[in-house]
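43 is the number that the numbering used here gives to position 24 of the sequence shown; each next residue is one higher, with no gaps.
Cβ atoms here follow ideal geometry from the backbone N, Cα and C, with glycine treated the same way.
The structure displayed is predicted, hence computed values, not measured ones.
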Amino acid sequence: MPLTLANLGEENMIKKVGGNPETRKFLENLGFVAGSSVTVVNTMGGNVIVNIKDSRVAVSKEMAAKIMV
C-alpha cells in the first residue's frame, strides 16, 4: 500500500520506491530506500510528516503515493 494510507504512529517497512529516476533519487537522498523503517507522525491535507532514520521529513501526497510500504 502507498505511504499515504499508512496509519498514524504505525511503523512500516518500505517495500519499493516508484516514480521516475529523478524522483527516486530525491527520495533516496531523504532516506526512503527499500528495507528502511518509516513511521507516519502526522498528515495535513494528504501531505505526510514521517520519522525516518532519526529524522523528521515532510513529503507531499504525490511523493508519498510513490512510496510503497
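Opposing strand residues paired with S56 [DSSP bridges]:
M32
How about T62 and E30: are their beta carbons less than 9 Å apart?
no
Alpha-carbon spacing of N39 relative to L46, whole angstroms
11 Å
Taking the CB atoms as reference points, tell me whether V88 and L49 lie closer together than 9 Å.
no
In the DSSP assignment, what are the bridge partners of R75?
N70
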